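Heads up: the sequence shown begins at 15 in our numbering, then just goes up one per residue. By construction, the Cβ of each residue, glycine as well, lies at the ideal position given by its N, Cα and C atoms. Since the structure is predicted, the reported quantities are computational estimates derived from the model, not experimental observations. Note sheet for the following structure.
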Amino acid sequence: MQTYEFINSKFECDFSANSDLPIKIYTKHIPANQVITNFGVVEKYCYFLVDGIAQIGTETVNFEYRIIDFLFPNRYFNAYMSFVTQEPSTAEIKSITDCQVEYFIYDDLQEAYKDSFLVNKIGRVLTEESFILKHQRELDFLTKSAKERYVSLLTRCPNIVQQVPIKSIALYLGIHPESLSRIRKNITK
15 MQTYEFINSK FECDFSANSD LPIKIYTKHI PANQVITNFG VVEKYCYFLV DGIAQIGTET
75 VNFEYRIIDF LFPNRYFNAY MSFVTQEPST AEIKSITDCQ VEYFIYDDLQ EAYKDSFLVN
135 KIGRVLTEES FILKHQRELD FLTKSAKERY VSLLTRCPNI VQQVPIKSIA LYLGIHPESL
195 SRIRKNITK
């Protein structure tokens, strides 16, 4: 799905190409295992994942790497706090597989906000959805066991084990890979 198709389906529009949108859209191929947004860099782009898988991670005060989220097709992503504040990113975004993305630039978005009711609506809705996903993840960490979080992840993304390294899944769940191995064994019994 391309950006214009996503917007058509979500906002009842009738665009026939990305060039019809009220903001300029660019495309890019990103090879597997490439950093898309690095720590300490101000995020200037908002991406739409057309194809592939990526991850957003951060470092703890003890310099341990943690995965905040996995990104799958038909989703917007960026180092959101950096994008909004235009301050250096505390997150890193990295492709897990080859990725095809479409993106727009921060400055173009600010201009489009001045003139387009649709762009304002899209921005609001996507921000609300992002907040809901973040809040649900926080609730999961506070109310679910590691096994329940893993089962929930499998429900949302049934093929994740074939597409994402087990070590990365363990980092996302906040557990050691050995603990995830035990959980996986208990589930398959």
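Asked, Found
"Alpha carbon of Arg-198 to alpha carbon of Glu-57, nearest angstrom", "37 angstroms"
"Reduced DSSP secondary structure (H/G/I, E/B, other) of Gly-188", "coil"
"Distance, Asp-129 Cα to Ile-174 Cα", "40 angstroms"
"Distance CB(Ala-126)-CB(Val-133) smaller than 8 angstroms", "yes"
"Beta-carbon proximity check, Tyr-90 vs Cys-113, cutoff 8 angstroms", "no"
"One or two residues paired with Gly-66 in a DSSP bridge", "The partner list for Gly-66 (beta bridge, DSSP) is empty, contrary to what the question assumes."
"Helix, strand or coil at Thr-141 according to DSSP, with G and I counted as helix", "helix"
"DSSP three-state assignment for Phe-97, whether helix, strand or coil", "helix"
"As assigned by DSSP and simplified to three states, the class of Ala-126", "helix"
"Lys-108, buried or exposed, once every other Cβ within 10 Å from all chains shown has been counted against 16", "buried"
"Beta-carbon proximity of Glu-69 to Ser-182, cut-off 8 angstroms", "The sequence shown places Gln at residue 69, rather than the Glu named in the question. Yes, the pair counts as a contact, with Cβ atoms nearer than the cut-off."
"Status (buried if at least 16 other CB within 10 Å, exposed otherwise) for Val-64", "buried"
"Meets three-Cβ-pair contact criterion under 8 angstroms: the segment 17–32 and the segment 94–110", "no"
"Meets three-Cβ-pair contact criterion under 8 angstroms: the segment 181–195 and the segment 76–94", "yes"
"Runs of beta strand (DSSP E) lying entirely within the segment 150–187, each at least 3 residues, in chain order", "none"
"Collapsed DSSP secondary structure at Val-115 in the structure displayed", "strand"
"For Ile-50, the nearest candidate out of Thr-74, Tyr-117, Lys-24 (CA to CA)", "Tyr-117"
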